[in-house]
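Everything below concerns the one structure shown next.
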Amino acid sequence: MAKQLRLGLFENAQANDSGTATWRHPDNKRYLFDSLDYWRGTARMVEDAGFDFLFLADAWGWADVAGDRPEICSVEGLDLPRLDPAIILGALIPETSRLGLVATGSTLLEAPYSFARRMATLDILSGGRIGWNVVTTGTADTAVQGFGVPMVGHDERYVMADEFMQVVYKLWEEAWEEGALERDKDGRFADPAKVHRIAHEGTYFRSHGYGNTSRSPQGTPVLFQAGASPAGREFGGKHGEAIFVGSGSVEQLLGHSSAIRDEAEKNGRARTDVKIMSAFAAVVGSTEEEARRKYAEVADAQNPEVTVASYAWFTGLDLSAYAPDTPMSELSTELSQTQVARFADKTVGDVLGDWHAHGVGARPIVGTPEQIADRMIELADGADLDGFLFAPTIPPASTEDFIEHVLPILKDRGAIAPQPEQPQSLRERLIGTSTPALAETHIGSSYRKSLTRV
Ligand SMILES: Cc1cc2nc3c(=O)[nH]c(=O)nc-3n(C[C@H](O)[C@H](O)[C@H](O)COP(=O)(O)O)c2cc1C
3 MAKQLRLGLF ENAQANDSGT ATWRHPDNKR YLFDSLDYWR GTARMVEDAG
53 FDFLFLADAW GWADVAGDRP EICSVEGLDL PRLDPAIILG ALIPETSRLG
103 LVATGSTLLE APYSFARRMA TLDILSGGRI GWNVVTTGTA DTAVQGFGVP
153 MVGHDERYVM ADEFMQVVYK LWEEAWEEGA LERDKDGRFA DPAKVHRIAH
203 EGTYFRSHGY GNTSRSPQGT PVLFQAGASP AGREFGGKHG EAIFVGSGSV
253 EQLLGHSSAI RDEAEKNGRA RTDVKIMSAF AAVVGSTEEE ARRKYAEVAD
303 AQNPEVTVAS YAWFTGLDLS AYAPDTPMSE LSTELSQTQV ARFADKTVGD
353 VLGDWHAHGV GARPIVGTPE QIADRMIELA DGADLDGFLF APTIPPASTE
403 DFIEHVLPIL KDRGAIAPQP EQPQSLRERL IGTSTPALAE THIGSSYRKS
453 LTRV
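Everything in the sequence shown is counted per the numbering used here, starting at 3 for the first residue and increasing by one.
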């Protein structure tokens, strides 16, 4: 029997996806990203199709080339404007009943105390369907200017993220025990013995006192992570429950998934405790030729200036300032190291060409529905993946194509995990825990009073 895969949809609350400008394509409706109708339609579509979750990526900052934001960024709606993904998730709670709702949040820029409240509120109102993609913000250099906070280097951002996690675990797991709320009009509203002070005095954060919300159904939202640098993988193996990896060959993806599972093991977790999901894009045609033509339309619509500006946004590097034959191995960054390391054997000229059609996103598989379904199964089996994060090249048309033409083949082959019959927490559905709470092998569960007391 085929492996049963999990599915998420990658979306972004802005007109384009990171690093591309596809908003002019006639089938692109995400140029209306600031209308609630777009999000309602997308959420309903993927819930009905049986996806496990909808993921809203996020970034702070803007593209900066040689000290300024190039005009092309406004002309093409490249980096800005965007909306706050957590607020969109809130609006999608009543539109959906089973779909997991996941958003990115930055440990560099958020304040843990208010962030913990925002996520707990979403988890409470959705009945435990919330996930958080923990990022240290690869676009940090411009982002910190907006926030007026100091720049923190790449690896130190992960040290800071680890401390951020300590604070939010205290708030989500320790501050309010499960069952603290009694709401008994003849008795008491909450049991004082189950409400605890927390104390955190660290290098980056201080927090003392009581949590602002009671415990949510999942306590800690499902923790997603996508850092691919050595520091990022170490962090993911310790805290991540679902890990996003980029697209790649079977060999490349197997390398990523085994390195992440090794990190999980080092943290006393089972290799299968982390669910690995690869970003996946597809351009579907009824024939190979039609698919290639559709992909050429996407690639042709890109603008080389967009490529330079968006690469600078993610890495701080202005590739137009280097000779095209410069080896990428000579460049380094304090921003997203992955976006440099993935081209280690290439030149600047290669990257300008390769980045062109898909930016930081997944390089699409271009082909017929059968070819795409075959490739997904081959990647999942060969690279030990638990599922895919489908990233539409043209939103929502590419998602509609995938649902209409590829998903039925995967379902016929038994390769898609069945929908839960009853509403379930995202953690039970995606991670496979027996309750909505963090697994006992997860570092965050050690903060639970009810567990640590025994
Ligand atoms: C599928 C996927 C989704 C991602 N989503 C985000 C995101 O929403 N925001 C963000 O800042 N980085 C995002 N990233 C990037 C990573 O989280 C990470 O920040 C980046 O790779 C830089 O860290 P690193 O140098 O440790 O890899 C994503 C990566 C992948 C593969």
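Note that beta-carbon positions come from the ideal geometry of N, C-alpha and C, so glycine has one too.
Is residue i close to ligand 1? I mean its beta-carbon at under 8 Å from any heavy atom of the ligand.
i: asparagine 135; result: yes
i: histidine 241; result: no
i: leucine 319; result: no
i: leucine 391; result: yes
i: glutamine 220; result: no
i: valine 161; result: no
i: glutamine 339; result: yes
i: threonine 138; result: yes
i: alanine 233; result: yes
i: histidine 27; result: no
i: phenylalanine 149; result: no
i: aspartate 60; result: yes
i: glutamine 227; result: yes
i: alanine 266; result: no
i: valine 146; result: no
i: glycine 248; result: yes
i: histidine 156; result: yes
i: alanine 314; result: no
i: alanine 281; result: yes
Buried or exposed: where does residue i fall if 16 or more other Cβ atoms within 10 Å of its Cβ makes it buried?
i: threonine 454; result: With a pLDDT of only 47 at threonine 454, under 50, the local geometry of the prediction cannot be trusted, and no value is derived from it.
i: serine 20; result: buried
i: arginine 429; result: buried
i: leucine 7; result: buried
i: glycine 384; result: exposed
i: aspartate 86; result: exposed
i: glutamine 16; result: buried
i: glutamate 176; result: buried
i: serine 251; result: exposed
i: threonine 395; result: buried
i: valine 456; result: Legend: pLDDT at valine 456 = 35, less than 50; position of this residue unreliable, value from coordinates given subsequently. Label assigned to valine 456: exposed.
i: valine 342; result: buried
i: leucine 94; result: buried
i: valine 151; result: exposed
i: glutamine 424; result: exposed
i: valine 67; result: buried
i: threonine 274; result: exposed
i: alanine 364; result: buried
i: proline 403; result: With the sequence shown as reference, residue 403 is identified as aspartate, and proline is not the correct amino acid for it. It is buried - the Cβ of aspartate 403 has at least 16 other Cβ atoms within 10 Å.
i: arginine 26; result: exposed
i: glutamate 78; result: buried
i: glutamine 220; result: buried
i: serine 427; result: buried
i: lysine 187; result: exposed
i: glutamate 380; result: exposed
i: proline 96; result: exposed
i: alanine 314; result: buried
i: serine 128; result: buried
Where do the N-terminal and C-terminal ends of the beta strand (DSSP E) with residue i fall, by residue?
i: lysine 5; result: Taken as a continuous stretch (DSSP letters only), lysine 5 belongs to no beta strand (DSSP E), as it is neither H nor E.
i: arginine 100; result: Run containing arginine 100: none; DSSP gives neither H nor E here.
i: phenylalanine 390; result: 389–392
i: histidine 27; result: Where histidine 27 is concerned, there is no enclosing beta strand (DSSP E), given that its DSSP letter is neither H nor E.
i: arginine 199; result: 199–203
Could you check where the alpha helix (DSSP H) with residue i kicks off and where it finishes?
i: isoleucine 126; result: 114–128
i: alanine 399; result: 399–403
i: arginine 2; result: Since the first residue of the chain shown is 3 and the last is 456, residue 2 is not available in this structure.
i: alanine 266; result: 252–268
i: serine 372; result: Note on identity: in this sequence residue 372 is glutamate, with serine being the wrong assignment. It spans 371–384 - the alpha helix (DSSP H) in which glutamate 372 sits, taken as one unbroken run.
i: arginine 294; result: 290–302
i: glutamate 158; result: 156–171
Measuring alpha carbon to alpha carbon, tell me which of the options ends up nearest residue i.
i: serine 218; options: Ser231, Leu124, Ser288 and Met167; result: Leu124
i: valine 224; options: Cys75, Thr44, Leu56 and Pro397; result: Leu56
i: proline 422; options: Gly52, Glu176, Ile405 and Phe345; result: Gly52
i: valine 154; options: Ala272, Gly318, Ala142 and Met47; result: Ala142
i: glycine 318; options: Lys268, His407, Ser116 and Arg71; result: Arg71
i: glycine 229; options: Ala293, Ser338, Asp188 and Asp39; result: Ser338
i: leucine 101; options: Met47, Glu372 and Arg120; result: Met47
i: asparagine 269; options: Tyr40, Thr443 and Ser448; result: Thr443
i: leucine 80; options: Leu38, Gln254, Thr205 and Ser312; result: Ser312
i: phenylalanine 392; options: Ile278, Ala4 and Phe12; result: Phe12
Rounded to whole angstroms, how far is the Cβ of residue i from the Cβ of residue j, which I believe are closer than 8 Å?
i: alanine 145; j: glycine 63; result: 4 Å
i: serine 216; j: alanine 195; result: Going by Cβ atoms, the distance from serine 216 to alanine 195 rounds to 14 Å, so no, they are not a contact pair.
i: glycine 248; j: alanine 281; result: 5 Å
i: tryptophan 178; j: alanine 118; result: No, tryptophan 178 and alanine 118 are not in contact; Cβ-Cβ is about 11 Å, not under 8 Å.
i: isoleucine 74; j: glutamate 307; result: 4 Å
i: alanine 293; j: valine 368; result: 5 Å
Ligand 3 and residue i: does any heavy atom of the ligand fall closer than 8 Å to the residue's C-beta?
i: alanine 261; result: This structure lacks ligand 3; the ligands present are ligand 1.
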